[in-house]
Every structure is written in structure tokens, then in C-alpha cells.
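A.B. asks: Here's a structure for you.
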Amino acid sequence: MSQQHVTLASETDWPGFRNEARRLLTRLTPPDEVAWHSRVGAAEDLFASDDESAAAAPRNGGTHASSMNLVVPASFLTLCETVILHNDPDRFGLLYRLLWRLVHEPGLRRDPLDADRVRAQHMAQAVRRDMHKMKAFVRFRTLDAESEGGPLHVAWFEPDHHIVEAVAPFFVRRFTQMRWAILTPERSIRWDGEKLEIGPGASRDQAPPADAGESLWLTYYRHIFNPARLKLSMMQKEMPRKYWHNLPEAELISPLSMEASERQARMIEAPATVPRRRIPVRAEADLAEETFMRTSAPSSQHTSLPSHPADPRQPSTEFRLPDDPVEALAMLGKLTDRCRECPIGEHATQSVFGEGPVGASIMVVGEQPGDQEDLQGRPFVGPAGKLFDRAVAELGWSRDRLYVSNAVKHFKFELRGKRRMHKTPGQREVAACLHWLESEIEQVKPTALIALGATAARALLGRPVAVMRERGQWHTDAQGRQVLVTLHPSALLRADPAGHEQNYAQWLEDLSLASKHLKR
Ligand code: URA
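Count along the sequence shown starting at 1, add 2, and that's the number in my numbering.
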């Protein structure tokens, strides 16, 4: 049996594989007569120089199976695109065998337990997992902060599979405004704000050392570390040890876990404290652990960041915000950007923190940033923001004098084709974000709050709010603050156009109740 050697242009040459597989299939070349190579592997492969012209000779004395039905399920093509990124040198052989069998064994499509199919599925899963890990565990460090084009952010990562180019679009979308490079042993990718360049691999020592932003992140991580929630096996499953050497926070895991049981015992023995977060009764059981960690009496200059008040040995100055509220808000904004207390942050472009003057008498709270806000990093700048601005103008207010924020700091969306469609944040996500909002309120010290829509109203009042019933009224929150509830501008935009005039007028009327709080 003569072997046909097929050499693909690269480890991830999907178009090349597809063309070659189609050609071999139409020539009726069985899988066990094909040896697959890719350019990188071929250089070291003793057999790679064999005469490839054999591949050109059709089998069966020159018969081409050109009339063969080569239609395969679309899901198979998707599977191939993923499996090709696996590092197993046999992957091309496996995929060609599956293709051959799909064409020659019609029953294969109905046999999900077939060994080849199962193996390919496992490989696809490993690739997807590796892609997920790269998205989650790449940590940029800043270089050239003074350079003309702005700082360059560089990260080092060691993927298991050939995934770098496939993941690159994610980083381009996510960090469009930044200049960055991700170095890996096999490939480097670099984004200058306009175009993506793909280059050869690099070594770890070419990546920069820790930077100042990292020490801030470490302090924060130390603070949110919750001994009551520590499940080392789960944690290592989600964040396997092999990634630790690239993660700044990993250096804290061992010492913090060693202290965990002691700290947990102290927390259990400590007297109960007044819950700071106002968690809706129904969600209480679900959120019990988070609530436990977020219990502390308010203190003027501490953040509402999760703290360990029950631990008498935790110095209360461990995580102090700057005394100046403007600086404190700036720091909080930076910290939200790195917040991963819920999964939304991983997919958003950046966090969107509130904006407006410290001491603003009115704080307006929406739900979460939308698509435009996510891209621009500012609240209420998209279509809902435009409607809000119109109302502000018609009420004779000035947006510059309002503090405008959201209950959730990252954009949650689902993809429909290329469009990012808004998705309402879940209660857990709102609850995870609440301490940021509380910290903002503490710094801004408004005399009144306006909740736009149900998510904001529930976050502020700590209970489900029937907006249509409770709108246009002042409510008092657990801290005695005044909260005016009204509709979210998006609800007006979504409503039946026939009712626009009337809805808008009624909305203005609701909002106008807050005019008395505006400082003249
Ligand atoms: N919707 C919100 O709730 N907030 C924004 O910032 C934008 C749209």
C-alpha cells in the first residue's frame, strides 16, 4: 500500500485541509493511505519529502468519483474548524477518516457514540476549553507608558493548542482602544489600534515584569478572597495550576488558602453584623455566602469592597480609598474594570463607571451599560442616553450637575450574528455589583437617587419593584435615602410608537419630582 503524503501550509490550515480532503475523497483515496503533515511538523518529518505526486494519481485506474455526493452536515464543518486547532498530530487523519466514513457509511450520522466521533468531540471540547482559558487568564502588563501612541500592554500566555489566531478577534473586540501584544511560544499577536499582526513565537522573558496596576489588583484580590467560599478543587478546576505562573493573583492563593480555615473559624465565632447589602428576601438563600462576606457597618472612607469585618485582626486600613472622593471614584472605576465577581466582565470591552460631580444632589441609576456605553466607557451615551439627555434639557436640568451611573458596571449581551444584543443582568450579577454602586453613593453623597427601571429600583431598594405601580413616587431605602422610581428610557423606546407622546410626557412628570433636589 503506497502512502500519499499531504503537507498543509500551517498547523491550522483549514482551507488547505478542506481542499486536500475534497480532492482525496473524489479520488477515492482511503484514509489509511494518507499521511498528513503540516509545514511546521513536516520539517522534522523524515517521510515528508516522499513523492507527493502519488496524491495526484486517482485510484481505480483513473476513476474520479466526481459524481459522489460530498455534502456533509454543517455541524461537521464546524467541528473540523475547531478540531484542527488541537495539538494532536493525528487530528487531520482523524478528520479525513470521519469525512470518508460520513460519505461511505450513512449510518455514522446516527451513531453519536462512534469512537471516531467521540474522539473528535473530546478534542473540540479541549480546544474550546483552552480558548476560554486564554480569554480568562491573559494578564496584560504595561510598557512604554510615555510613548507617543500610548502605553503598550503585553501579556505572556502558554496555550495547549493552536488557538492564538482563533482567539485574536476576541481581544481585538475587547481591547480595541488599546495597543497590545500577546506573546506565546508558537505565535505572537499584536494590535496597534487599527490592525492585527501575527508574528512568530516568543519566550517568556520577552514579556514585561509586574507593574503598579498589578499591586492594586493584588490588594483588591486579597480583599475579595472569601475563606468561607474556598473550594480548592473547584478553584483549581476553573483556574488550573499551570496558569498560575502568569496570574499575578496566584501568588496569593497559597498563603490565603493556608489561612482560610483559621479565618473562617474567626468569622463563625464573631458576633453578627448589620447586613450592608440589601439582598431581596427570595434570593437570600442563594446569595447567603456573598451576603456573609459583605457585612460591615459603613465607614466613611472605606470602600464597600468586600471586607472581613468579623475578623478583628484585619486592620481596617488594609484597603483604604484615597481621602479625596474624586480620586476615590477614579480608583473605584479602575477596579471595576478588573472585576470578575460575576462572569459579565469577561466579555465586555471595559467597565462603565458612573460620571458626574462629587456632591451632585441627584444620582441617576440605570441598569447596565449598553453597546455604545461599553465601547465608549461612559454611561448613557447610546440611544437611551440620548432620550435621557432630551428629558434633562426639557426639565431645565444640566447633565453636568447630575451623577449618572448604573446598577451593573459591565455590558451583558448575547450575540446575534455580529450584533451584541442587550441581555438583562441576573439577580446574582446585580447583587455582585451592588458594592460598587454603594461605594459610589458613599463618595458622591447625593441627597436623592433616581432609579431608572426595575433593575436599578431593585438594587437600590433591596426588593422587587413593580415599576408601573410604584413609578412617580419617592421611596425610602434601608439607609433612609430618598429614591424616585420611574421607567428606564429604553422602555419608552421599545413601547408602541402610538403612545410615545403620552409616555414621554408622563416620564417627564415623574422625573420632574426630583427638580426640588437640584441645587440652584
Ligand atoms: N442603559 C442603561 O441602563 N445604562 C446605560 O448606561 C445605557 C443604557
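Quick reminder that beta carbons are idealized off the backbone N, C-alpha and C, glycines included.
Quick caveat: nothing in here was measured; it's all calculated off a predicted structure.
Using only the heavy atoms of the ligand URA, determine whether one of them is closer than 6 angstroms to the beta carbon of A453.
C.D. replies: The answer is no for A453.
A.B. asks: Flag this pair as yes or no: are the beta carbons of E375 and A458 separated by less than 7 angstroms?
C.D. replies: Their beta carbons are not under 7 angstroms apart, which means E375 does not touch A458 by this criterion.
A.B. asks: Taking all protein chains shown into account, do 16 or more other C-beta atoms lie within 10 angstroms of the C-beta of M136, making it buried, or fewer, making it exposed?
C.D. replies: It counts as buried.
A.B. asks: Hey, M365 and L451 are a contact pair by Cβ (cut 8 angstroms); roughly how many whole angstroms apart?
C.D. replies: Contact flag correct, Cβ pair sits at about 5 angstroms.
A.B. asks: Suppose the cutoff is 6 angstroms on Cβ atoms and the five residues either side in sequence are ignored; what does the same chain contact list for P327 look like?
C.D. replies: These residues qualify, in order along the chain: V360, Q445.
A.B. asks: Quick check: what's the CA-CA separation for D479 versus L377?
C.D. replies: Their backbone Cα atoms lie some 32 angstroms apart in a straight line.
A.B. asks: What are the boundary residues of the alpha helix (DSSP H) that includes Y405?
C.D. replies: Run containing Y405: none in the alpha helix (DSSP H); it sits in the beta strand (DSSP E), 404 to 408.
A.B. asks: Considering only C-alpha positions, which residue in the set K420, R176, V156, P202 is nearest to P210?
C.D. replies: Of the listed residues, the one whose Cα sits closest to P210 is V156.
A.B. asks: Decide if D120 is buried, meaning its Cβ has at least 16 other Cβ atoms within 10 Å, or exposed.
C.D. replies: Per the sequence shown, residue 120 should be read as Val rather than Asp. The residue in question, V120, is exposed, as its Cβ has fewer than 16 Cβ neighbours within 10 Å.
A.B. asks: Suppose you measure from the CA of A433 to the CA of A332; what does that come to, to the nearest Å?
C.D. replies: For A433 and A332, the distance between alpha carbons rounds to 22 angstroms.
A.B. asks: Which stretch, first to last residue, makes up the beta strand (DSSP E) that contains W399?
C.D. replies: Looking at the DSSP string, W399 is not in any beta strand (DSSP E), and its letter there is neither H nor E.
A.B. asks: Name the DSSP beta bridge partners of F40, please?
C.D. replies: Here residue 40 is Ser; the residue named in the question, Phe, does not match the sequence. Bridge partners of S40: L10.
A.B. asks: What's the gap between the Cα of L115 and the Cα of V367?
C.D. replies: Going by the C-alpha atoms only, they are around 52 angstroms apart.
A.B. asks: CB E490 to CB G464, shorter than 7 angstroms?
C.D. replies: The sequence given here has His at residue 490, not Glu. Cβ atoms of H490 and G464: not closer than 7 angstroms.
A.B. asks: Give me, in chain order, the residues of the same chain whose beta-carbon lies closer than 8 angstroms to that of G201; leave out the 5 immediate sequence neighbours on both sides.
C.D. replies: The residues are R189, S190, I191, R192.
A.B. asks: Alpha carbon to alpha carbon, how far is L10 from R93?
C.D. replies: One C-alpha to the other measures close to 13 angstroms.
A.B. asks: Hey, K425 and K414: beta-carbon distance below 7 angstroms or not?
C.D. replies: The answer is yes: Cβ separation under 7 angstroms.
A.B. asks: Just list the residues that DSSP pairs R181 with in beta bridges.
C.D. replies: Beta-bridge pairing links R181 to L154.
A.B. asks: When burial is assigned at 16 or more other CB atoms within 10 Å of the CB, is Q6 buried or exposed?
C.D. replies: Buried is the call here.
A.B. asks: Which ranges does the beta strand (DSSP E) cover as unbroken runs of at least 3 residues, wholly within the segment 341 to 381, from first to last along the chain?
C.D. replies: As far as the segment 341 to 381 is concerned, its whole beta strand (DSSP E) runs of at least 3 residues are 364 to 368.
A.B. asks: By the DSSP assignment, the alpha helix (DSSP H) with I86 in it spans what residues?
C.D. replies: Unbroken run through I86: none, as it is neither H nor E.
A.B. asks: Counting only the same chain and skipping the five closest in sequence on each side, list residues whose C-beta sits under 6 angstroms from that of S318.
C.D. replies: Its pLDDT being 32, under 50, S318 is placed unreliably by the model, and the measurement read from it follows with that caveat. Excluding positions up to five away in sequence, the list is empty.
A.B. asks: CB of G356 to nearest heavy atom of the ligand URA: below 6 angstroms?
C.D. replies: Not so, every heavy atom of the ligand URA lies at least 6 angstroms from the Cβ.
A.B. asks: Could you compute how far the alpha carbon of E472 sits from the alpha carbon of E160?
C.D. replies: Their Cα atoms are separated by approximately 53 angstroms.
A.B. asks: Identify whether A299 lies in helix, strand or coil by the three-state DSSP scheme.
C.D. replies: In this prediction, A299 has a pLDDT of 29, which is less than 50 and means its spatial position is unreliable; what the coordinates show is noted afterwards. Three-state result, A299: coil.
A.B. asks: Where do the ends of the beta strand (DSSP E) carrying H477 lie?
C.D. replies: Segment 475 to 478, the beta strand (DSSP E) holding H477.
A.B. asks: When burial is assigned at 16 or more other CB atoms within 10 Å of the CB, is M470 buried or exposed?
C.D. replies: Counting Cβ neighbours within 10 Å, M470 comes out exposed, since fewer than 16 surround it.
A.B. asks: Look at D118 and L101 and say whether their C-beta atoms are less than 7 angstroms apart.
C.D. replies: Contact: no.
A.B. asks: On a Cα-Cα basis, can you pick out the residue from T338, Q352, P17, H124 that is closest to L439?
C.D. replies: That would be T338, whose Cα lies nearest to the Cα of L439.
A.B. asks: Could you tell me which residues DSSP puts in a beta bridge with V487?
C.D. replies: Note: V487 sits in a beta bridge opposite A453, Q475.
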